[in-house]
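Trainee: Quick note, the sequences are listed as chains P and S, same order. No gaps in the numbering here: position 22 of the first sequence is 22 in UniProt numbering, and each next residue is one more. No gaps in the numbering here: position 135 of the second sequence is 135 in UniProt numbering, and each next residue is one more.
2 protein chains.
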Amino acid sequence: MRNIKLLIEYDGTNYIGWQSQPSYQGKNIQGIIEAGIRKMVHHEVRLNAAGRTDAGVHARGQVANFFTESLIPAERFPWALKGILPYDIVVKAACDVPEDFHARYHATEKTYRYVIRRAALPDAFDWKYGYHFPYPLNISEMEQAARFFLGTHDYRSFCAKGSPVKKFVRTVTRAELIHDGDYLYFDVTAKGFLYHMVRIMVGTLVEIGRGRWQAEDIKRILAKKERKYAGPTALAHGLYLQEVKY
Amino acid sequence: MRNIKLLIEYDGTNYIGWQSQPSYQGKNIQGIIEAGIRKMVHHEVRLNAAGRTDAGVHARGQVANFFTESLIPAERFPWALKGILPYDIVVKAACDVPEDFHARYHATEKTYRYVIRRAALPDAFDWKYGYHFPYPLNISEMEQAARFFLGTHDYRSFCAKGSPVKKFVRTVTRAELIHDGDYLYFDVTAKGFLYHMVRIMVGTLVEIGRGRWQAEDIKRILAKKERKYAGPTALAHGLYLQEVKY
């Protein structure tokens with residue numbers, strides 16, 4: 001049995017997220033790619049993804065694996081799927097991996113990027129690809145705040161309510177704000193994240209940038225271990241799964 | 001009577017073009033902006049645009065003017081329309097102009113940009129914003145060919161059949177290819193263009209880049225004064241109205 005690893009890019013705008021959702025009408029990305037692969041290999045496949053992104057969330061570097069007995073060379077998959085998949089889902093690369101490889105369980109590092117656009121007026125092209133925040137932000141206070149995310153913490157305050165997980169401790173190895181003209185990026189790396197964790201981190205950083213809280217308040221919010229003490233969940237369409245490492 | 005000039009940006013993907021089309025179902029950009037302004041000034045307005053872009057064509061620097069007796073300060077229009085117009089149409093600036101100003105008749109220079117993306121695989125985010133051409137192109141031959149467009153020529157070979165215009169002579173003051181990583185831009189400036197002129201220029205340059213014709217063939221095609229001798233009309237979604245000068 002072959003195990004094939006895919007590198008996947010998608011514009012999440014038109015999808016209900018990576019996986020099917022009982023409560024959402026619409027297309028899920030996983031199902032569309034599985035159907036595309038089925039057309040090539042002539043049997044059902046099941047994709048395991050590194051990150052099950054939500055509705056509207058984008059990916060530049062999603063990774064998923066699937067099993068097949070097909071003899072199609074791995075490098076054919078991107079080319080053949082180009083003609084099968086919709087334009088907003090692109091398989092960028094494919095390779096054979098050992099049979100025990102699992103895209104989610106074996107990920108050692110995942111990096112998300114959140115995009116904030118700060119120009120006064122919106123951009124007709126970019127509105128689905130970033131969060132437009134045209135008000136003043138104290139960036140140096142936000143940069144100090146981001147540093148409090150580094151290290152191992154109980155992130156229960158930064159986890160959406162109703163999440164079924166029971167362990168809330170996560171280790172963040174990078175939490176950095178990057179300026180690029182009108183754009184402000186928040187890049188965050190960890191082995192694993194809680195549900196909505198990055199978006200709640202961003203919503204909290206924006207509250208600090210606006211002056212509602214100070215950088216040090218991150219420590220207080222982490223210590224509370226209750227969702228209601230953190231900031232709002234930032235909009236999905238600013239979030240990108242950038243890179244997964246193994 | 002006040003005359004107000006607007007600078008407008010739009011993503012043309014979801015529209016049938018700038019103006020209403022009897023043969024197309026769908027929304028036109030002009031009608032949507034006119035309806036938005038009507039909500040502000042409480043009377044019908046009619047926009048004159050510098051370029052009446054086709055379905056799928058984008059604008060970074062469309063210019064239009066309209067007449068009103070409203071006392072709303074010009075600089076309020078971008079801000080107020082931000083809350084009225086859909087996200088993919090943005091009025092970037094507005095100012096009062098003399099009563100005889102007409103956005104189309106008084107334009108002294110219009111610049112269009114055509115975007116070709118040359119990477120091997122498509123991009124999930126960019127497919128609506130450029131023409132993906134992943135095959136080899138002889139760029140230096142295309143650059144030589146572009147130079148033959150400079151100056152005053154009868155551009156009948158580069159005008160869509162069925163166009164009602166009777167004068168085909170146009171003066172091109174810039175026709176330049178620009179490399180930027182995976183992207184190739186064709187920037188072309190003239191006082192006025194014929195129907196589909198830029199897209200037929202691009203379709204012809206691509207034929208030259210592919211090796212079907214040589215740079216010198218531009219002279220031959222211009223001399224023929226018949227549409228069928230030029231290359232195909234390049235896809236609309238690679239084209240941007242970049243800038244209009246007065």
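Don't be surprised by glycine CBs; every beta carbon is placed ideally from N, CA and C.
1. Does the beta-carbon of residue 242/P have 16 or more other beta-carbons within 10 angstroms, so that it is buried, or is it exposed?
2. Taking the beta carbon of residue 95/P as the centre, do at least 16 other beta carbons fall within 10 Å, making it buried, or is it exposed?
3. Under 8 Å between beta-carbons, which chain S residues line up against residue 255/P? List them in chain order, please.
4. Are the C-beta atoms of residue 122/S and some chain P residue less than 7 Å apart?
5. Quick check: residue 234/S and residue 131/S, are their CB atoms within less than 7 Å of each other?
6. Determine, for residue 247/P, whether the minimum Cβ-Cβ distance to residues of chain S falls below 7 Å.
7. Taking Cβ positions, are residue 49/P and residue 64/P nearer each other than 7 Å?
8. Can you give me the C-alpha to C-alpha distance between residue 116/S and residue 82/S, rounded to a whole angstrom?
9. Verify whether the separation of the beta carbon atoms of residue 236/P and residue 31/P is less than 7 Å.
10. So with CB distances below 7 Å, who are the chain S contacts of residue 92/P?
11. Identify the contact partners of residue 10/S in chain P, using a Cβ-Cβ distance below 8 Å as the criterion.
12. Please say whether residue 118/S and residue 187/S have beta carbons closer to each other than 7 Å?
13. So is residue 10/P buried or exposed if we call it buried at 16+ other beta carbons inside 10 Å?
14. Within the same chain, show all residues whose beta-carbon is closer than 8 Å to that of residue 169/P, passing over the 5 residues directly before and after it, in chain order.
15. Closer than 6 Å to a non-hydrogen atom of the ligand GTP - does that hold for the CB of residue 18/P?
16. Per DSSP, what kind of secondary structure is residue 75/P in: helix, strand or coil?
17. What are the start and end residues of each continuous beta strand (DSSP E) run of 3 or more residues lying completely inside the segment 167-192 of chain P, in chain order?
18. Measure how close the beta-carbons of residue 111/S and residue 189/S come, nearest whole angstrom, since I'm counting them as under 8 Å.
19. Residues in the segment 66-80 of chain S with C-beta within 7 Å of chain P's C-beta atoms, listed in sequence order?
20. Can you give me the Cβ contacts of residue 144/P inside the same chain, cut-off strictly under 7 Å, excluding the 5 residues immediately before and after it?
21. At a CB-CB cut-off below 8 Å, which residues of chain P make contact with residue 82/S?
22. Per DSSP, which residues does residue 68/P bridge with? Please list them.
23. Among 107/P, 120/P, 175/P, whose alpha-carbon lies nearest the alpha-carbon of residue 90/S?
24. By the three-class DSSP mapping on this structure, what secondary structure does residue 32/S have?
25. Write down the C-beta distance between residue 229/S and residue 157/S rounded to the nearest angstrom, noting that I regard them as a contact closer than 8 Å.
26. Determine, using beta-carbon pairs with one atom in the segment 94-108 of chain P and one in the segment 32-41 of chain P, whether at least three such pairs fall under 8 Å.
27. Please say whether residue 100/S and residue 124/P have beta carbons closer to each other than 7 Å?
28. For residue 79/P, count neighbouring Cβ atoms within 10 angstroms of its own Cβ and tell me buried if that reaches 16, exposed if not.
29. For residue 52/P and residue 199/P, I'd like the C-alpha separation in whole angstroms.
30. Between 69/P, 167/P, 185/P, 165/P, which lies nearest to residue 142/P when the distance is taken from Cα to Cα?
31. As a quick exercise: from 217/S, 27/S, 62/S, pick the residue whose alpha carbon is nearest that of residue 239/S.
Mentor: This is what the structure holds:
1. Here residue 242/P refers to the residue found at position 242 of the first sequence. Buried, since its Cβ has 16 or more Cβ neighbours within 10 Å.
2. Locating residue 95/P in the first sequence gives position 95, counting from the first residue. Burial call: exposed.
3. Outside the displayed span of chain P (1 to 246) sits residue 255/P, for which this structure offers no information.
4. Residue 122/S sits at position 122 when you count from the first residue of the second sequence. Yes, contact with chain P.
5. The count along the second sequence starts at 1 and reaches residue 234/S at position 234. The count along the second sequence starts at 1 and reaches residue 131/S at position 131. Yes, the Cβ-Cβ distance between residue 234/S and residue 131/S is below 7 Å.
6. Outside the displayed range of chain P (1 to 246) lies residue 247/P, so it cannot be described from this structure.
7. Here the question's residue 49/P lines up with position 49 in the first sequence. Here the question's residue 64/P lines up with position 64 in the first sequence. Cβ distance < 7 Å, so residue 49/P and residue 64/P count as in contact.
8. Working through the second sequence from its first residue, we reach residue 116/S at position 116. Working through the second sequence from its first residue, we reach residue 82/S at position 82. Between residue 116/S and residue 82/S, the C-alpha separation is close to 30 Å.
9. One-based indexing of the first sequence puts residue 236/P at position 236. One-based indexing of the first sequence puts residue 31/P at position 31. No.
10. Counted from its first residue, the first sequence places residue 92/P at position 92. Within 7 Å Cβ-Cβ: 121.
11. Translated into the one-based positions of the second sequence, residue 10/S becomes position 10. Those are 124, listed as they occur along chain P.
12. As a working note, residue 187/S is residue 187 in the second sequence. As a working note, residue 118/S is residue 118 in the second sequence. Taking 7 Å as the cut-off, the Cβ atoms of residue 187/S and residue 118/S do not count as close.
13. As a working note, residue 10/P is residue 10 in the first sequence. Flag for residue 10/P reads buried.
14. Here residue 169/P corresponds to residue number 169 of the first sequence, with the count starting at 1. Closer than 8 Å at Cβ, skipping near neighbours: 152, 153, 154, 155.
15. The model depicted lacks the ligand GTP and carries no ligand whatsoever.
16. Here residue 75/P refers to the residue found at position 75 of the first sequence. Of the three classes helix, strand and coil, the one that applies to residue 75/P here is coil, per DSSP.
17. 169-180, 183-190
18. For the purposes of this step, residue 111/S is taken as the residue at position 111 of the second sequence. For the purposes of this step, residue 189/S is taken as the residue at position 189 of the second sequence. Confirmed, about 4 Å.
19. 78
20. Reading the first sequence from its first residue, position 144 is the one you call residue 144/P. 215, listed in sequence order.
21. Taking the first residue of the second sequence as 1, we reach residue 82/S at position 82. By Cβ distance, chain P contributes 121, 122.
22. The residue you call residue 68/P lines up with position 68 of the first sequence. Looking at the DSSP assignment, residue 68/P forms a beta bridge with 2/P.
23. Reading the second sequence from its first residue, position 90 is the one you call residue 90/S. The option with the nearest alpha carbon to residue 90/S is 120/P.
24. One-based indexing of the second sequence puts residue 32/S at position 32. Here residue 32/S sits in helix by DSSP.
25. For this step, residue 229/S is matched to residue 229 along the second sequence. For this step, residue 157/S is matched to residue 157 along the second sequence. Indeed they touch by this definition, with Cβ atoms about 5 Å apart.
26. no
27. Here residue 124/P is taken as the residue at index 124 of the first sequence, counted from 1. Here residue 100/S is taken as the residue at index 100 of the second sequence, counted from 1. Against a cut-off of 7 Å, the Cβ pair of residue 100/S and residue 124/P comes out as no contact.
28. Within the first sequence, residue 79/P is the residue found at index 79, counting from 1. Classification for residue 79/P: exposed.
29. Counting from 1 along the first sequence, the entry for residue 52/P is found at position 52. Counting from 1 along the first sequence, the entry for residue 199/P is found at position 199. Taking the straight line joining both Cα atoms gives about 14 Å.
30. The count along the first sequence starts at 1 and reaches residue 142/P at position 142. Comparing Cα-Cα distances from residue 142/P to each of 69/P, 167/P, 185/P, 165/P, the minimum goes to 185/P.
31. Taking the second sequence and counting its residues from 1, one reaches residue 239/S at position 239. If we check each option's Cα against that of residue 239/S, 62/S comes out closest.
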